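To start, the structure itself, in structure tokens.
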Amino acid sequence: MALFNSQTASEAGRKSKRTSAKKLVIDSTLDEEELTKNALNGDYGAVTQRQVLLMLIQHHLRHKDRLLKQAIDEEDLLGAAYLKTLSRDELEAVMRSHDD
């Protein structure tokens, strides 16, 4: 029996097809709504269905996070622009009102 050392393990890992099985190729002609519908209807196998739904959820969360960051940036810009229009006395009054 041959020894199974790190070199042969490395070669076996390169030849293995298991990692490529995790990759998911999706028909790019489908839009998000049709892809979701196909996944929910069970048109795909269980593993593919799960991966499609996880991908859609991640996409939605990234989009939501991006919109939240954009809203915060816009508020910061508006606040900075407003503060530039105030005089020193007005700024001090605003700061005092927040201290109380």
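Residue numbers for the sequence shown, in the numbering used here: 3 to 102. Just so you know, even glycine gets a beta-carbon here, dropped at the ideal spot from N, CA and C. Since the structure is predicted, the reported quantities are computational estimates derived from the model, not experimental observations.
Which residue marks the beginning of the alpha helix (DSSP H) containing residue i, and which one marks its end?
{"i": "serine 89", "result": "Looking at the DSSP string, serine 89 is not in any alpha helix (DSSP H), and its letter there is neither H nor E."}
{"i": "threonine 38", "result": "34-43"}
Helix, strand or coil for residue i, going by three-state DSSP, please let me know.
{"i": "threonine 31", "result": "coil"}
{"i": "glycine 81", "result": "helix"}
Please classify residue i: is it buried, with 16 or more other beta-carbons within 10 angstroms of its beta-carbon, or exposed?
{"i": "alanine 41", "result": "buried"}
Whose CA, out of the options, lies closest to the CA of residue i?
{"i": "aspartate 33", "options": "Arg68, Ala73, Leu58 and Leu80", "result": "Leu58"}
Assuming the contact rule is C-beta atoms closer than 8 angstroms, residue i and residue j should be a hit. Round their C-beta distance to whole Å, please.
{"i": "valine 54", "j": "leucine 70", "result": "In fact, because the Cβ distance is near 25 angstroms, the residues do not count as touching under 8 angstroms."}
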